[in-house]
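Counting from 26, one number per residue, gives the positions in the sequence shown under my numbering.
Heads up, the thing below is written out as structure tokens.
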Amino acid sequence: MKKRTKKLINYNAYGWFFVSFALILFCVFTIYPAFESIWLSFQTFDEGAFRFSGLDNFKRMLGDKLFFKSMANTFLFLIIQVPIMKVLALSFATMLNKPKLKARGILRTAIFLPCVTSLVAYSVLFKMMFSMNGIVNNVLMSLDVLSESFQWLQNPIWAKIIIIIALTWRWTGYDVIFFLAAMQNIPAETYEAAQIDGSNSWNTFWKITLPQLKPIILLTMIMSTNGTLQLFDEPMNITMGGPANSTLTMSQYIYNQSFVYSPNLGYSATLSYVIVFIMIILAIIQFRITGDDAK
């Protein structure tokens with residue numbers, strides 16, 4: 026009994042020894058910065074040093090019209106782009122799940138391929154495509170759709186649309202993989218029973234496939250929500266937040282407050298935790314709406 030206890034103690038010691046390296050790194054680079062940023066949000070940089078300012082940063086935020094504009098832009102992308110992406114992902118996954126579909130492997134690769142492209146590279150590519158001398162203007166003028174080059178990225182509405190198109194192109198395949206994996210775990214007997222009962226494809230999707238996809242839909246919705254609230258690369262590289270801040274997002278505004286405008290790391294930390302708070306609220310709402318049914 027003593028030998029067995031000693032062996033267990035040794036195993037535990039070895040386990041904690043190997044885990045300790047990752048645990049230390051996690052504490053140094055994640056836990057400590059998180060608590061430090063919370064403390065930083067209550068400070069302002071004045072006369073060459075940080076000083077405690079209480080709730081001044083939060084008061085400033087409440088009167089910051091540009092921040093609320095960036096919040097409105099971010100929520101616009103969230104409300105429009107995410108549902109479009111989910112519908113497309115479900116459609117592609119349903120198509121790829123059909124056993125009789127030819128060249129399924131090639132189609133899966135083609136749909137997922139955008140997900141492995143560099144965020145900066147594809148953003149710059151979209152910027153070049155919709156520039157004054159880009160391929161979009163050249164093709165439309167060759168087809169006599171346009172008489173002269175159109176400034177896509179200088180138009181507030183079209184600038185938003187282009188970012189939505191870019192996001193949809195980049196991330197739809199990511200959701201397709203999740204949905205397709207979940208669909209392939211649905212027992213084939215369920216579909217066979219529905220077919221025997223005379224259910225058509227539409228009813229089968231709504232009454233069998235979709236209900237069993239609720240857990241994965243909830244997961245992807247939370248991931249997409251968090252990703253959109255932190256949207257930075259696309260508006261930064263395609264439009265730089267313009268024109269007239271019409272595509273400025275919260276993350277980009279925080280970046281500007283930290284490195285572009287007069288650096289104010291305390292105020293930037295405050296805005297960052299606003300995003301965290303919004304993420305938590307939206308996640309709770311999504312769990313409340315679909316959580317019980319998604320268990």
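We put the CB at the ideal spot given by N, CA and C, even for glycine.
* Counted within 10 angstroms of its Cβ, other Cβ atoms place W169 as buried (16 or more) or exposed -> Note on residue identity: the sequence assigns Asp, not Trp, to residue 169. By the beta-carbon neighbour count (other beta carbons within 10 angstroms, threshold 16), D169 is exposed.
* Could you have a look at A74 and say whether DSSP puts it in helix, strand or coil? => Three-state result, A74: strand.
* Asked: Where does the unbroken alpha helix (DSSP H) through V112 begin, and where does it stop?
  -> Bounds of the alpha helix (DSSP H) holding V112 are 90-121.
* Out of curiosity, what's the CA-to-CA distance linking F83 and I303? -> Taking the straight line from one Cα to the other gives about 15 Å.
* What do you get for P260, buried or exposed, if any count of 16 or more other CB atoms within 10 angstroms of its CB means buried? -> Counting Cβ neighbours within 10 Å, P260 comes out buried, since at least 16 surround it.
* Cβ distance (whole Å) where I306 is taken to contact M275 below 8 Å -> Contact annotation, I306 with M275: C-beta distance approximately 14 Å; criterion of less than 8 Å not satisfied.
* To do: Return helix, strand or coil for T315, following the three-state DSSP convention.
  => DSSP places T315 within a helical segment (H, G or I) once states are collapsed to three.
* To do: Excluding the 5 residues preceding and the 5 following I202 in the sequence, name in chain order all residues of the same chain whose CB lies nearer than 7 Å to its CB.
  => So the list reads F137, once near-sequence residues are dropped.
* Residues near T229 in its chain [Cβ-Cβ closer than 7 Å; skip 5 each side] -> Annotation for T229: Y216, A219 place their beta carbon closer than 7 Å to its own, counting only its chain and skipping 5 residues before and after.
* **Of the listed residues L87, T193, I182, N158, nearest to A103 (C-alpha basis)** => Residue identity check: residue 103 is Leu in the sequence provided, not Ala. The candidate whose alpha carbon is nearest that of L103 is T193.
* Could you tell me the boundaries of the alpha helix (DSSP H) in which Y278 lies? => First-last of the alpha helix (DSSP H) with Y278: 275-280.
* Cβ-Cβ distance between G266 and L256 below 8 Å -> No; because the gap between Cβ atoms is not below 8 Å, this pair is not in contact.
* Where the alpha helix (DSSP H) containing L243 begins and where it ends -> For L243, the enclosing alpha helix (DSSP H) begins and ends at 239-254.
* With distances taken from CA atoms, which of A118, Q68, A184 is nearest S148? -> Proximity to S148 across A118, Q68, A184 peaks at A184, based on C-alpha coordinates.
* Of all the options L115, T69, K125, which has the alpha carbon lying nearest to the alpha carbon of T295? -> Nearest of L115, T69, K125 to T295, Cα basis: T69.
* To do: Put T295 into one of helix, strand or coil per three-state DSSP.
  => Under the three-state reduction of DSSP, T295 is assigned to helix.
* Starting from I228, trace the alpha helix (DSSP H) both ways and give me its first and last residue. => Reading off the sequence, residue 228 comes out as Asn, not Ile. Element bounds for N228: 226-229.
* Asked: Which residues in the same chain have their Cβ closer than 7 Å to the Cβ of N122, if we skip the five residues on either side of it in sequence?
  -> If you ignore the 5 residues before and after N122, its C-beta comes within less than 7 Å of the C-beta of L205, M208, Q209, all in its own chain and listed in chain order.
* To do: Count the other C-beta atoms from every protein chain shown that fall within 10 angstroms of the C-beta of L24, then say buried if there are 16 or more, exposed otherwise.
  => Since the first residue of the chain shown is 26 and the last is 320, residue 24 is not available in this structure.
* **Backbone CA spacing between A114 and Y286 [nearest angstrom]** => Straight-line Cα distance between these residues: approximately 39 Å.
* Asked: In whole angstroms, what separates the C-alpha of S174 from that of M157?
  -> A direct Cα-to-Cα measurement between S174 and M157 gives close to 6 Å.
* To do: Counting only the same chain and skipping the five closest in sequence on each side, list residues whose C-beta sits under 8 Å from that of P268.
  => Excluding five sequence positions before and after P268, the CB atoms of its chain that fall closer than 8 Å to its own CB belong to L178, Q179, N180, P181, A184, given in chain order.
* Look up T142 in the DSSP assignment and say whether it is helix, strand or coil. => Coil at T142, not helix or strand.
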